[in-house]
Amino acid sequence: MGPDGAEQQLREIDADIENLFRPENVFSGMERFLYVIVPPGANVHELRKAVQLATIDHLIRSGRTESVLSISWKRFWRRHTLTVHGVRMDEVDASIREYNVALGDVLRFAKKYRLSRASRKRPF
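Those letters in the sequence shown? Residues 133 to 256, by the working numbering.
This is the structure in structure tokens:
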């Protein structure tokens, strides 16, 4: 598989992961819940790792083993973040207590904000 094929496959996997947690699927019953358990004193990085393991477990159980091998979590976390109670959990070293994460809370994926290339250009 060439670089273009691998890039396309990564895009498809990104889309699959996003579709697992799309907000509009909440009301249609299509959203999938993955149960994640972390200690109360865990930080956001540990929570992300638990989400990764739960997602991989879900993909394996659903027979999508080829998808498991090609997920680039580094790339995924560069583009996405977790949210709880509408608050973005961008600080990786912060404790989940700082975000008031409690037993039974639902976490969602959200796209990270990106500056457009035009706004990154220097004005001079």
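Every residue gets a Cβ at the ideal spot worked out from N, C-alpha and C, and that includes glycine.
Assuming residue i contacts residue j (C-beta within less than 8 Å), just tell me the rounded distance between them.
i      : j      : result
Ala226 : Val176 : 5 Å
Leu166 : Leu214 : No, Leu166 and Leu214 are not in contact; Cβ-Cβ is about 12 Å, not under 8 Å.
Val168 : Ala186 : 5 Å
What does the Cβ neighbour count give for residue i, buried or exposed, with the cut at 16 atoms within 10 Å?
i      : result
Met162 : Its pLDDT being 47, under 50, Met162 is placed unreliably in this model, and the value from its coordinates should be taken loosely. By the 10 Å Cβ count, Met162 comes out exposed.
Tyr245 : exposed
Val158 : Reliability fails at Val158, whose pLDDT of 44 lies under 50, so the model's placement of it is uncertain and no value is given.
Ile192 : exposed
Leu239 : buried
Val233 : buried
Can you tell me which residues form a DSSP beta bridge with residue i?
i      : result
Arg240 : Thr215
Asn175 : Ser227
Arg220 : Thr215
Would residue i and residue j qualify as a contact pair, given that the criterion is a beta-carbon distance under 8 Å?
i      : j      : result
Ala174 : His212 : no
Val219 : Asp237 : no
Thinking C-alpha only, which one of the options is nearest residue i?
i      : options                        : result
Val141 : Leu185, Gln184, Ser199         : The residue asked about is misnamed: residue 141 is Gln in this sequence, not Val. For Gln141, the nearest C-alpha among the options comes from Ser199.
Lys206 : Val168, Ala186, Ile228, Lys181 : Lys181
Trp209 : Asp222, Ser202, Leu239, Thr197 : Asp222
Ile228 : Arg164, Glu144, Arg143, Pro172 : Pro172
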